[in-house]
Every structure is written in structure tokens, then in C-alpha cells.
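J.: Protein chains in written order, with our numbering: chain A, 514 to 742; chain B, 514 to 742.
My questions will all concern the structure given below.
There are 2 protein chains.
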Amino acid sequence: MHELTRMPHTEGEKQDFMKDSKAPIAALERLATYLRYLNELNRDGLQTISSSDIEKATGVHAAQFRKDLSYFGEFGKPGVGYNVDELRGRIARILKVDNEQPVILIGAGNLGSALIGYTGLPQNNFRIVGVFDNDHHKVGYKLWDNEILDIDTLKEHNTRLCAKIAILTVPSMSAQVVVDKLVDAGIKVILNFAPASIRVPDNVVVRNVCFVQELTVLSYHITPHANGI
Amino acid sequence: MHELTRMPHTEGEKQDFMKDSKAPIAALERLATYLRYLNELNRDGLQTISSSDIEKATGVHAAQFRKDLSYFGEFGKPGVGYNVDELRGRIARILKVDNEQPVILIGAGNLGSALIGYTGLPQNNFRIVGVFDNDHHKVGYKLWDNEILDIDTLKEHNTRLCAKIAILTVPSMSAQVVVDKLVDAGIKVILNFAPASIRVPDNVVVRNVCFVQELTVLSYHITPHANGI
DNA sequence: TAGATTGTTAATCGATTAACAATC
DNA sequence: TAGATTGTTAATCGATTAACAATC
């Protein structure tokens with residue numbers, strides 16, 4: 514039962530070309546942060562970068578950066594630093610975003626529609642290759658460029674689409690039913706926007722995004738009588 | 514410079530009615546989880562609940578649950594458990610979601626529009642009281658029930674609205690400019706959907722939601738040759 | 001060579017889990 | 001009273017930071 518963002522839901526998969534000794538989830542999140550920064554940086558044509566440059570740019574401690582990389586091998590030259598292009602490429606490869614990843618989206622509501630139209634996804638090698646819904650009133654219509662397909666044709670379609678990643682933007686009530694269908698169709702990881710705990714087999718990974726929870730944690734941080742507008 | 518979801522960006526505020534001894538952010542996230550469960554539970558008219566019941570329902574270790582509560586006082590009766598209503602009320606009060614919280618949203622694009630229409634917000638005491646944009650083509654139009662207002666009238670409007678919470682759904686490029694205006698208008702906490710690092714004063718708290726980062730971490734977890742569709 | 005910066009080991013810090021006396 | 005369950009202290013675990021030998 515892999516669950517909740519911060520829970521230790523790592524798998525034990527091995528990669529021949531890397532050490533991959535149980536990097537913590539927090540390290541992976543930071544790798545994604547480094548990658549985003551390196552992608553921005555690329556335009557400037559900078560050649561090398563040091564761990565303390567990374568610290569300045571991202572706020573992550575230089576030692577932390579080097580430690581995070583160390584889970585996956587050696588990346589830099591002592592006394593010199595890291596080659597920007599190489600580093601970017603290798604981090605992308607570790608995170609498997611070096612090639613385009615097919616993604617399916619389930620739930621063609623407001624949020625689903627917004628995500629389909631979000632340009633940040635294709636810009637980062639995530640391509641939405643299929644949109645599904647269980648509402649027969651929606652099936653057949655187009656959302657942006659995607660025809661909305663019947664959720665019950667998911668397994669069939671995915672033999673062709675080969676998506677391993679699913680984005681789930683259905684109401685909480687239907688979440689578990691849909692998840693079971695996703696798993697059955699060969700989906701390996703799920704980004705869940707429904708504020709519901711969903712159960713999946715051990716070889717499937719879930720990350721939950723919950724707007725209300727984010728706002729609630731923020732709400733806590735409002736100072737008691739901060740009325741000085 | 515309070516930043517990034519997992520960084521220690523807690524303030525040192527004190528509450529007269531509670532201990533408030535530096536609860537970790539992770540504990541606050543779990544409190545929000547408990548609250549969600551307790552809200553669901555309420556309908557069943559259950560009177561008391563034990564920490565091990567919580568463990569069964571949420572997956573959070575019973576000792577962890579008790580520890581999380583202990584940051585804020587005593588909540589249960591030894592040998593008996595916790596009164597559901599009381600527990601719900603007190604957690605809601607700690608997280609300041611016991612009363613309706615006014616929220617403003619900046620950026621009336623696809624995502625902003627989806628969030629405005631999301632029923633989960635009002636259901637959890639977050640009320641969107643103002644929608645702003647810097648695109649003059651959008652200003653004046655209505656989004657759901659909200660007239661889109663000019664971002665430059667934000668400070669003026671917020672003397673009336675008194676929102677402390679802002680949701681930021683503008684493009685990355687404009688994020689920092691808008692954030693400065695938010696801070697100037699008295700906003701204390703920001704839920705940032707732009708994939709950009711934003712700088713705020715020490716008394717303002719930011720949480721970042723980044724879809725691409727979530728997908729990237731998931732992408733990592735795809736097993737190398739998991740082709741068994 | 002001298003200066004810089006890596007990768008890694010050790011030290012520190014913080015968070016989670018276990019254990020148990022207190023108490024309903 | 002006996003059984004159950006709390007709140008808290010102590011033990012464990014894991015992650016972050018510091019330090020430094022290796023090396024470019």
C-alpha cells in the first residue's frame with residue numbers, strides 16, 4: 514500500500530549504469546530541482562558549475578547536493594566542478610525524463626482540462642497521449658486536441674499507448690474504482706489529485722497532491738493577530 | 514527567504530491556548546490528514562476513537578499520532594481514547610480552519626479557473642473572495658461568480674477583503690513581481706503554482722506546488738523494463 | 001606547484017518508533 | 001479492580017551537515 518507524499522514508498526529497482534543505493538525521496542525531489550535550474554542555465558552557455566554555485570542558485574546546501582549525486586555515481590572533477598551539459602543529461606537520465614514519457618489523464622473536469630493545456634508538461638518531456646472519463650456525456654468530445662475516451666476502453670487503448678504514468682483528476686468517490694482499472698491497464702505510477710486515500714499493489718507508486726492540505730498547512734502559519742495590512 | 518515545501522520554514526508564533534513547541538512541518542501535514550479523516554467520520558456519529566483506530570484508517574503509526582498531538586497539548590483520556598467531535602474541533606482550531614478563511618487568487622488562467630471552481634475549497638472553509646490578473650483583456654470579465662480585478666488594485670481591495678492567504682497561478686515570468694505586490698498588500702502565506710523560486714520576507718511563508726516535479730519523482734520510480742501490460 | 005573542489009566518511013541533528021508509568 | 005489507552009521519555013533510525021583526504 515504505497516501512499517502519501519512523504520512516506521517511504523521507494524521500490525528496490527536496480528539500474529545497471531548507476532549505484533542507486535536507496536536515495537531518499539527528498540533527494541529525488543532535490544534532483545528535480547537541480548534539473549530545473551540546469552535547464553534554465555543551459556541558455557547562458559555556461560560550461561562548468563560547482564556545488565556552491567548550486568547552493569547559491571537553489572538554496573540547497575552544497576554538501577547536500579554532492580551527497581544527493583553520490584547515490585548515483587560520480588559526476589564532477591575535483592578542483593574543477595561539474596560540466597553543465599553532462600550533469601543535466603545524467604540527472605535527466607536518472608529521473609527518466611531524458612526521453613518523452615507518455616502520460617494518460619483520467620477525469621476530464623476543470624482541473625483535468627487545465628492540466629492537459631499546461632505547456633509545462635510537454636516542455637519537460639511529459640506528453641499526454643490519452644484522456645479518459647467515465648461520464649458518457651463527455652466521451653467523444655474533444656478537450657484541446659484530445660478526444661475524451663471511455664474509461665472502460667483504457668486497458669485496450671493502453672496496449673498501444675504504453676503509458677506507465679497516469680494523472681488522476683476524478684472526484685474522490687470514483688478514485689479507487691478508477692485506480693483499480695489503471696493498475697489493470699499496466700500503469701506503474703499515479704499522480705493523484707483526488708483527496709482520497711487510494712490502495713494500490715506494492716509495485717505501483719502513488720503521489721498525492723492535495724490543495725486543501727497545502728492551504729491548511731499554510732493556514733496554520735498565519736500569525737494570530739497579524740492585522741497590519 | 515522562506516521557500517520550498519520541505520524546508521524548515523516554521524515561524525516562532527505563540528498561541529496562548531496551546532504549547533506550540535515547534536511542531537515539524539511533517540506533523541502539520543499529518544494533522545491535516547487526521548482532520549480530513551475525522552471530518553469523514555463525523556457522519557457516522559461515532560463517539561470516541563483511539564490512536565490505533567487512527568493508524569488503521571490513515572496508515573500513520575499510533576505513536577506518531579500521539580506525538581503529533583503532544584506538540585499542542587493533551588487531547589484524550591487514558592484508557593478511553595479521544596472524543597471525535599472535540600478532537601476534530603481542536604485540530605481545526607490549531608490549523609486555523611475552524612472559521613472561514615478568505616483567500617485571493619492571482620492569475621485567471623486555466624489552472625486558476627479550475628481552482629476557483631473547485632468545491633473542495635469552500636467545503637474546507639477556504640473562500641475565494643477576490644480574483645486578480647494583470648492581463649487587461651481579462652479584467653472586468655467574470656470567472657464563475659468572481660469579477661476579475663486588476664492586480665494593481667489588489668492592495669486597495671485587500672484593505673476590505675483582509676485576505677492573508679493567496680493562491681498564485683500566474684506564469685513563472687511574472688511570479689516575483691506579483692509576489693512583491695502580494696506582500697505589500699498584507700498577504701502572509703502563499704500557495705505558489707508557478708515553477709519558479711520566489712523570494713519573500715521572513716514573515717511570509719510560501720509553499721510550492723510543482724506538477725512537473727511530482728511527475729518527475731514518479732517517473733524515477735518506473736521500473737526499467739516493466740513492459741508486462 | 002598551489003588553489004579549488006570533489007566524493008565520502010564521520011559527526012550532528014531531527015524525526016520516528018518503542019516502551020512504560022500514569023490514569024481513566 | 002482489571003483492561004485499555006493515553007502522554008511522554010528514551011531508544012532508534014535516517015537524513016543533513018561538516019570535515020577532509022584525494023585529485024584535478
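Quick reminder that beta carbons are idealized off the backbone N, C-alpha and C, glycines included.
Remember, it's a predicted structure, so these values are computed and weren't measured experimentally.
Can you list, in chain order, the stretches of the beta strand (DSSP E) that have 3 or more residues and sit fully within the stretch 539-603 of chain A?
T.: The qualifying runs do not exist here; there are none.
J.: Beta strand (DSSP E) containing proline 615 of chain A: first to last residue?
T.: Proline 615 of chain A -> beta strand (DSSP E) spans 614-619.
J.: Rounded to the nearest angstrom, what separates aspartate 529 of chain B and proline 714 of chain A at their Cα positions?
T.: Low confidence applies here, because aspartate 529 of chain B scores a pLDDT of 30, under 50, leaving its location unreliable and the question unanswered by this model.
J.: Identify every residue that forms a DSSP beta bridge with asparagine 763 of chain B.
T.: Residue 763 of chain B is absent from the model: chain B starts at 514 and stops at 742.
J.: Where does the unbroken beta strand (DSSP E) through isoleucine 641 of chain A begin, and where does it stop?
T.: 639-646 is the extent of the beta strand (DSSP E) around isoleucine 641 of chain A.
J.: Should alanine 540 of chain B be flagged as near chain A, meaning a C-beta pair shorter than 8 Å?
T.: By this cut-off, alanine 540 of chain B is not an interface position.
J.: Along chain B, in chain order, which residues have C-beta atoms closer than 7 Å to that of alanine 688 of chain A?
T.: Within 7 Å Cβ-Cβ: nothing; alanine 688 of chain A doesn't reach chain B, min ~13 Å.
J.: So the beta strand (DSSP E) lysine 663 of chain B belongs to, where does it begin and stop?
T.: The sequence given here has aspartate at residue 663 of chain B, not lysine. Counting along the chain, the beta strand (DSSP E) containing aspartate 663 of chain B begins and ends at 659-663.
J.: Report the rounded CA-to-CA distance for isoleucine 735 of chain B versus isoleucine 678 of chain A, giving the unit in angstroms.
T.: For isoleucine 735 of chain B and isoleucine 678 of chain A, the distance between alpha carbons rounds to 8 Å.
J.: In whole angstroms, give me the CA-to-CA distance for alanine 627 of chain A and tryptophan 657 of chain A.
T.: One C-alpha to the other measures close to 10 Å.
J.: Nearest-angstrom Cα distance between glycine 572 of chain B and asparagine 596 of chain A?
T.: Each residue's Cα considered, the two are about 43 Å apart.
J.: Using three-state DSSP, classify alanine 679 of chain A as helix, strand or coil.
T.: Looking at alanine 679 of chain A - three-state DSSP - the assignment turns out to be strand.
J.: Helix, strand or coil: how does DSSP classify lysine 668 of chain A here?
T.: Lysine 668 of chain A falls in the helix class under three-state DSSP.
J.: Please compile the residues from chain B whose C-beta is within a distance smaller than 9 Å of the C-beta of leucine 628 of chain A.
T.: Ordered by position in chain B, the residues that pass the 9 Å Cβ test against leucine 628 of chain A are Asn623, Leu624, Ala627, Phe724.
J.: Using a beta-carbon distance below 8 Å, is tyrosine 733 of chain B in contact with chain A?
T.: Yes - at least one Cβ of chain A is within 8 Å of the one on tyrosine 733 of chain B.
J.: Compare the C-beta of asparagine 659 of chain A with all C-beta atoms of chain B and state if any pair is closer than 8 Å.
T.: Answer no: the Cβ-Cβ gap between asparagine 659 of chain A and chain B never drops below 8 Å.
J.: What residue range does the alpha helix (DSSP H) around glycine 622 of chain A cover?
T.: Unbroken run through glycine 622 of chain A: none, as it is neither H nor E.
J.: For leucine 656 of chain B, does the three-state DSSP call read helix, strand or coil?
T.: Of the three classes helix, strand and coil, the one that applies to leucine 656 of chain B here is strand, per DSSP.
J.: Taking 8 Å as the cut-off, decide whether the C-beta atoms of valine 702 of chain B and valine 691 of chain B are in contact.
T.: Against a cut-off of 8 Å, the Cβ pair of valine 691 of chain B and valine 702 of chain B comes out as no contact.
J.: Do the stretch 663-675 of chain B and the stretch 643-651 of chain B touch if we need at least three Cβ pairs shorter than 8 Å?
T.: Because the criterion of three Cβ pairs below 8 Å is met, the stretch 663-675 of chain B and the stretch 643-651 of chain B touch.
J.: Would proline 708 of chain A count as contacting chain B if we go by Cβ distances under 8 Å?
T.: Output row for proline 708 of chain A: interface = yes.
J.: Can you tell me whether proline 708 of chain B is buried or exposed? The criterion is at least 16 other CB atoms within 10 Å of its CB, across all chains shown.
T.: By the neighbour-count rule (16 or more Cβ atoms within 10 Å), proline 708 of chain B is buried.
J.: Can you confirm whether isoleucine 678 of chain A, when its beta carbon is compared against all beta carbons of chain B, has any partner nearer than 8 Å?
T.: Closer than 8 Å: yes.
J.: Which value, in whole angstroms, describes the spacing of the CA atoms of glutamine 689 of chain B and leucine 608 of chain A?
T.: Approximately 28 Å between the Cα atoms of the pair.
J.: Give the DSSP-derived three-state secondary structure of serine 732 of chain B in the structure shown.
T.: It is helical.
J.: Would you tell me roughly how many angstroms separate the C-alpha atoms of glutamate 613 of chain A and alanine 545 of chain A, rounded to the nearest one?
T.: One C-alpha to the other measures close to 16 Å.
J.: Count the other CB atoms within 10 Å of the CB of threonine 666 of chain A; is the residue buried (16 or more) or exposed (fewer)?
T.: When all chains shown are included, threonine 666 of chain A counts as exposed.
J.: Once you ignore the five residues that flank leucine 548 of chain A on each side, which residues in its own chain have a CB closer than 8 Å to its CB?
T.: Same-chain partners within the cutoff: Arg601, Ile604, Ala605, Leu608, Val610.
J.: What span of residues does the alpha helix (DSSP H) with lysine 694 of chain B cover, start to end?
T.: Taken as a continuous stretch (DSSP letters only), the alpha helix (DSSP H) holding lysine 694 of chain B covers 685-697.
J.: Shortest alpha-carbon distance to leucine 704 of chain B belongs to which of B/Asp697, B/Gly633, B/Leu618?
T.: Comparing Cα positions, the closest option is B/Leu618.
J.: Please state the DSSP three-state secondary structure of arginine 712 of chain A.
T.: It is coil, neither helix nor strand.
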